[in-house]
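2 protein chains.
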Amino acid sequence: MANSASGDSVVDRVVRVIEAFPEGVTSLQLSELADRSGLPLSSAHRLVRQLSGHGLLDLGAGGTVRLGLRLWELVNRNSPTLALRQAAMPFMEDIQQVLNQNVNLAVLDGWEALFVERLSRRGSVANRARVAGRMPVHISSAGLALMSHQSREVQAEYLEQFADPSGKVTAGVVRHLLAEAAQQGYAQLAGVVDPDTWGIAVPVINGKRRTVAALGVVVPLAEMRLQALVPALQTAARGIGRQLGD
Amino acid sequence: MANSASGDSVVDRVVRVIEAFPEGVTSLQLSELADRSGLPLSSAHRLVRQLSGHGLLDLGAGGTVRLGLRLWELVNRNSPTLALRQAAMPFMEDIQQVLNQNVNLAVLDGWEALFVERLSRRGSVANRARVAGRMPVHISSAGLALMSHQSREVQAEYLEQFADPSGKVTAGVVRHLLAEAAQQGYAQLAGVVDPDTWGIAVPVINGKRRTVAALGVVVPLAEMRLQALVPALQTAARGIGRQLGD
DNA sequence: ACACGCCCTACCATTGAATGGAAGGCTGCT
DNA sequence: AGCAGCCTTCCATTCAATGGTAGGGCGTGT
């Protein structure tokens with residue numbers, strides 16, 4: 131074969147190159163990139179040079195490869211979650227100011243919650259590190275809030291394929307959590323991510339009655355006061371939903 | 131020709147497709163995308179479908195094309211400015227809390243300042259809208275702060291090609307602004323973006339003595355107090371630089 | 001000081017993947 | 001009912017993509 135001994139198209143390879151960066155790694159050597167993407171060095175080099183010419187990648191002296199500023203710019207300007215984030219930000223700031231807790235916003239992607247925005251607790255040195263982070267549905271309050279408002283079919287499909295690698299959680303338990311969340315209108319989960327924290331999340335519903343996101347807070351166990359947190363979150367979530375339109 | 135009547139490679143086309151989204155537009159019809167990218171409908175469709183299969187784009191029913199969540203995730207996880215933003219965020223929050231002003235962080239890309247992070251003034255309904263926005267060097271305090279700390283050669287090259295479309299500013303004026311900023315250690319610009327606001331920015335210098343970013347605030351004219359703002363910004367910028375290492 | 005290894009870069013004959021016009025199907029409007 | 005616009009699929013044509021190989025630069029260990 132001339133094109134692709136491995137049987138993949140050029141597009142496949144471009145994707146492989148971009149996906150070759152492990153989480154949190156911003157810089158890779160060309161040879162390592164070739165390894166990770168499974169491409170011949172020669173091909174990897176050619177692709178990187180082309181993409182670099184357009185600013186999607188950045189090929190520095192000595193074969194250092196980074197994602198391009200231009201790519202970051204394009205993606206952030208036209209992100210599919212742009213409208214959601216803009217609508218949500220003022221409300222998230224309100225919550226941060228009033229409750230002084232870590233606030234986050236997540237959407238459902240596959241069977242995971244993808245965090246698209248996060249404000250850290252005032253004064254904490256902690257940060258927005260986990261923006262663009264993922265959590266499986268069954269171990270995040272945001273994931274449960276999102277899944278509990280999906281259609282019967284989606285939930286059934288989710289539960290069917292469910293399998294906890296650690297074996298600690300069964301599909302039955304998750305089904306119960308989802309039912310509870312659906313009935314209460316919010317999801318809560320204690321000590322799963324961090325033993326001393328509690329997560330609470332509520333769905334954000336747009337004008338078409340579709341659940342498009344989950345708004346949540348992570349609070350220290352000691353400061354757990356459901357009666358104060360849930361109404362605040364629900365009010366903010368309604369505000370976001372109204373702002374979104376659709 | 132079989133491949134590309136227009137003489138461009140597959141990679142060129144992938145880039146054209148991604149770049150076809152106008153600023154702030156998150157969704158495009160397939161036919162419009164084909165127009166904007168200058169690709170035959172048939173080719174655009176094929177490319178979009180391939181990219182969509184990998185999650186870099188999202189081809190919805192009815193030919194609606196969006197950027198993919200997966201692309202957003204990948205770019206934000208491995209962004210070249212990740213370390214910078216993480217190092218800067220706590221200091222930016224401090225400034226926001228103490229001064230209660232809009233804070234922003236920019237890097238130099240080409241002859242423009244690219245804003246990589248922004249915190250809005252507390253209480254303002256305004257937002258982080260302009261994250262990923264650009265401003266020409268000569269009409270942004272961040273741009274001036276960045277350029278004034280570049281090497282002689284870069285500055286010369288910049289001034290040589292400088293041309294103001296509106297014709298209001300000459301290279302000589304910019305040269306003066308840069309010299310002033312370099313000497314003072316900060317850049318200021320009044321009423322350029324918005325007639326009632328003042329912009330002040332200082333360079334962020336890493337361990338290798340390279341100016342890697344500019345930290346700035348935008349304040350209403352009425353609240354302009356240089357003697358309070360500049361030291362605060364410079365202190366924060368030093369803190370960021372120390373945190374960065376390199 | 002030298003040789004070796006590692007990595008980036010450049011070249012070029014081979015070949016099948018990419019191309020895009022045209023035709024088909026769907027939806028909404030007149 | 002007819003039309004117009006758009007998405008989708010098909011397939012013969014053709015040259016762009018491929019990757020093994022070789023060259024060059026840099027640092028390391030002997």
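Going line by line, the protein sequences match chains A and B.
Going by the numbering used here, the letters in the first sequence line up with residues 131 to 376, in that order.
Going by the numbering used here, the letters in the second sequence line up with residues 131 to 376, in that order.
Glycine included, C-beta positions come from ideal geometry on N, C-alpha and C.
Closest Cα partner of A/D326 within the set A/N336, A/F292, A/V349 and A/I148 | Stepping through the first sequence from its first residue, residue 326 of chain A is reached at position 196. Selected option, being the one with the closest Cα: A/V349.
Take A/T341 and list the residues in its own chain whose beta-carbon comes closer than 6 Å to its own, dropping the five residues that flank it on each side.
-> As a working note, residue 341 of chain A is residue 211 in the first sequence. Closer than 6 Å at the Cβ level, and outside the excluded window around A/T341, lie H279, P333 and I335.
Just checking my contact of B/N234 with B/E247 at CB under 8 Å: how many whole Å lie between their CB atoms?
-> Translated into the one-based positions of the second sequence, residue 234 of chain B becomes position 104. Translated into the one-based positions of the second sequence, residue 247 of chain B becomes position 117. That belief holds up - the Cβ atoms of B/N234 and B/E247 are roughly 7 Å apart, short of 8 Å.
Using CA coordinates, which residue listed in B/L351, B/A344 and B/K338 is at the minimum distance from B/A367?
-> To locate residue 367 of chain B, count along the second sequence from 1; it is residue 237. Residue B/A344 is the option with its Cα nearest to B/A367.
Between B/L238 and B/G193, is the Cβ-Cβ spacing less than 8 Å?
-> On the second sequence, position 108 is the one that residue 238 of chain B refers to. On the second sequence, position 63 is the one that residue 193 of chain B refers to. If you check the CB distance, B/L238 and B/G193 do not come in under 8 Å.
First and last residue of the uninterrupted alpha helix (DSSP H) at B/Q394 | Coverage of chain B is limited to positions 131 through 376, which leaves residue 394 of chain B absent and any answer about it impossible.
Is the number of C-beta pairs between the segment 356 to 375 of chain A and the segment 137 to 144 of chain B that are closer than 8 Å three or more?
-> The segment 356 to 375 of chain A, when compared against the segment 137 to 144 of chain B, does not touch it at the 8 Å Cβ threshold.
Should the segment 296 to 304 of chain B be called in touch with the segment 313 to 332 of chain B, which here means at least 3 C-beta pairs below 8 Å?
-> Contact annotation: the segment 296 to 304 of chain B does not touch the segment 313 to 332 of chain B, with fewer than three C-beta pairs closer than 8 Å.
Taking A/N232 as part of the beta strand (DSSP E), name the residues at either end of that continuous run.
-> Translated into the one-based positions of the first sequence, residue 232 of chain A becomes position 102. DSSP places A/N232 in the uninterrupted beta strand (DSSP E) bounded by N232 to D239.
Listed in chain order, which residues of the segment 204 to 226 of chain A have Cβ atoms closer than 9 Å to some Cβ of chain B?
-> Residues of the segment 204 to 226 of chain A that bring their beta carbon within less than 9 Å of a beta carbon in chain B comprise L204, V205, N206, R207, N208, S209, P210, T211, L212, A213, R215, Q216, M219, P220 and E223, in sequence order.
List the residues of chain B whose Cβ lies closer than 9 Å to the Cβ of A/W202, in chain order.
-> Counted from its first residue, the first sequence places residue 202 of chain A at position 72. Neighbours of A/W202 on chain B, chain order: V205, N206, S209, P210, T211, L244, V246 and A262.
Inter-residue spacing [alpha-carbon to alpha-carbon] between A/S167 and B/Q180 = Counted from its first residue, the first sequence places residue 167 of chain A at position 37. Counted from its first residue, the second sequence places residue 180 of chain B at position 50. CA-CA distance, A/S167 to B/Q180, rounds to 18 Å.
Secondary structure of A/M131, DSSP reduced to three states = Taking the first sequence and counting its residues from 1, one reaches residue 131 of chain A at position 1. Below a pLDDT of 50, predicted positions are generally treated as unreliable, and A/M131, at 45, falls in that range; the measurement from the model is reported next regardless. It is coil, neither helix nor strand.
Does DSSP put B/M354 in a helix, a strand or coil?
-> Stepping through the second sequence from its first residue, residue 354 of chain B is reached at position 224. B/M354 carries a coil assignment under DSSP once its states are collapsed to helix, strand and coil.
Could you pull out every residue in the same chain whose Cβ sits closer than 7 Å to the Cβ of B/D376, ignoring the five residues on either side in sequence?
-> As a working mapping, residue 376 of chain B is identified with position 246 in the second sequence. Closer than 7 Å at the Cβ level, and outside the excluded window around B/D376, lie N336, G337 and K338.
Contact set between the segment 175 to 187 of chain B and chain A, restricted to residues whose Cβ is under 8 Å from the partner = Of all residues in the segment 175 to 187 of chain B, L177, Q180, L181, H184 and L186 have a Cβ within less than 8 Å of some Cβ in chain A.
CA-CA distance, B/S296 and B/I269?
-> Taking the second sequence and counting its residues from 1, the one referred to as residue 296 of chain B is at position 166. Taking the second sequence and counting its residues from 1, the one referred to as residue 269 of chain B is at position 139. Here the C-alpha atom of B/S296 lies approximately 12 Å from the C-alpha atom of B/I269.
Opposite A/S157 in the DSSP bridges: which residues?
-> In the first sequence, the residue the question calls residue 157 of chain A occupies position 27. A/R196, per the DSSP bridge assignment.
For B/A259, decide whether its Cβ has a neighbour in chain A, counting only Cβ atoms nearer than 8 Å.
-> For the purposes of this step, residue 259 of chain B is identified with residue 129 of the second sequence, where counting begins at 1. Low confidence applies here, because B/A259 scores a pLDDT of 49, under 50, leaving its location unreliable; read the following figure in that light. At least one chain A Cβ lies under 8 Å of B/A259.
Measure the alpha-carbon distance for A/G321 versus A/S271 and round it to whole angstroms.
-> Mapped onto the first sequence, residue 321 of chain A falls at position 191. Mapped onto the first sequence, residue 271 of chain A falls at position 141. Spanning the two alpha carbons is a distance of roughly 11 Å.
Would a check of beta-carbon distances place A/I330 closer than 8 Å to chain B?
-> Working through the first sequence from its first residue, we reach residue 330 of chain A at position 200. Between A/I330 and chain B, the shortest Cβ-Cβ separation is not below 8 Å.
Terminal residues of the alpha helix (DSSP H) in which B/Q285 lies | Translated into the one-based positions of the second sequence, residue 285 of chain B becomes position 155. Per DSSP, the unbroken alpha helix (DSSP H) holding B/Q285 starts and ends at R282 to Q291.
Could you tell me whether the Cβ of A/T194 comes closer than 8 Å to any Cβ of chain B?
-> Numbered from 1 along the first sequence, position 64 holds the residue referred to as residue 194 of chain A. Cβ-Cβ to chain B under 8 Å: no for A/T194.
Buried or exposed: which applies to A/M131, given that a residue is buried once 16 or more other Cβ atoms fall within 10 Å of its Cβ?
-> Here residue 131 of chain A is taken as the residue at index 1 of the first sequence, counted from 1. Residue placement at A/M131 is poorly supported in this model, since its pLDDT is 45, which falls under 50; the coordinates still yield a value, given next. It counts as exposed.
Nearest-angstrom Cα separation, counted from B/A317 out to A/Q364 = Your numbering for residue 364 of chain A matches position 234 in the first sequence. Your numbering for residue 317 of chain B matches position 187 in the second sequence. The alpha-carbon atoms of A/Q364 and B/A317 are separated by roughly 44 Å.
Quick one: what's got a C-beta closer than 7 Å to B/Q226's C-beta in the same chain, skipping five residues either side?
-> To locate residue 226 of chain B, count along the second sequence from 1; it is residue 96. Answer for B/Q226: V233, L249 and R252, listed in chain order.
Quick one: is B/E153 near chain A, going by C-beta distance under 8 Å?
-> Translated into positions along the second sequence, residue 153 of chain B becomes position 23. Under the 8 Å criterion on CB atoms, B/E153 is classed as interfacial with respect to chain A.
Are the C-beta atoms of A/T365 and some chain B residue less than 8 Å apart?
-> For the purposes of this step, residue 365 of chain A is taken as the residue at position 235 of the first sequence. Using a CB distance cut-off of 8 Å, A/T365 does not count as an interface residue toward chain B.
Residue(s) in a DSSP beta bridge with B/A243 | Stepping through the second sequence from its first residue, residue 243 of chain B is reached at position 113. B/L238 and B/M265, per the DSSP bridge assignment.
Specify the secondary structure class of B/L186 as computed by DSSP and reduced to three states.
-> On the second sequence, residue 186 of chain B is found 56 positions in, with the first residue counted as 1. Looking at B/L186 - three-state DSSP - the assignment turns out to be coil, as it is neither helix nor strand.
DSSP state of A/P325 mapped onto helix, strand, coil | Translated into positions along the first sequence, residue 325 of chain A becomes position 195. Under the three-state reduction of DSSP output, A/P325 falls in the coil class, being neither helix nor strand.
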